[in-house]
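Note that my numbering has the sequence shown beginning at 20, numbered continuously upward.
Backbone N, C-alpha and C fix where the C-beta goes; we use that ideal spot for every residue, glycine too.
I have placed the structure first, in the form of structure tokens, so that the comments after it can refer back to it.
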Amino acid sequence: MKLEIRNVSDRGTKEERVVLLAKEDCDIGKYLVFITRKNGESVIYTSLKEPYWFPDKVVSRGDLVILYTKKGTSSFKENKDNSKSHFYYRNLDTALLTASNFAFIIEANTWQIEKKPTP
């Protein structure tokens, strides 16, 4: 995966956010972040909640992609090392990442939606 979870900051607070690092140039529109539960370090529950699908945007190697739970407007800023930080918001009023809830990222290179049923 070209985008990886670097950390979760301020878990369980109004300022909580998932910080992702671009390991290579990539289109973040291929990535979705969910909330899930874990049983140990390797077993993931299949109940994925609160999906966030990033908009199509190419970011560069070394850029940070920050997903806040709170309300806000998408933006970006240049960092001192010439990388960028890209900010996105779920626009929710309450924290999601409690002690038992974890961020889960999926790379979706292809997808399909069902066709409209014919009457």
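Query: Express the C-alpha separation of ASN110 and GLY91 in angstroms, rounding to a whole number.; Result: 6 Å
Query: Which runs of the beta strand (DSSP E) at least 3 residues long sit entirely within the region 70-94? Give them in chain order.; Result: 83-87
Query: If you draw a straight line from the C-alpha of TYR64 to the C-alpha of ALA122, how long is it?; Result: 12 Å
Query: Return the Cβ separation of ILE132 and TYR50 in integer angstroms, given the expectation that the two are a contact with Cβ distance under 8 Å.; Result: Not really, about 18 Å apart at Cβ, beyond 8 Å.
Query: Where do the ends of the beta strand (DSSP E) carrying THR55 lie?; Result: 50-55
Query: Expressed to the nearest angstrom, what Euclidean distance is found between the alpha-carbon atoms of PHE53 and LEU115?; Result: 10 Å
Query: Could you check what DSSP says for ILE47 in three-state terms: helix, strand or coil?; Result: helix
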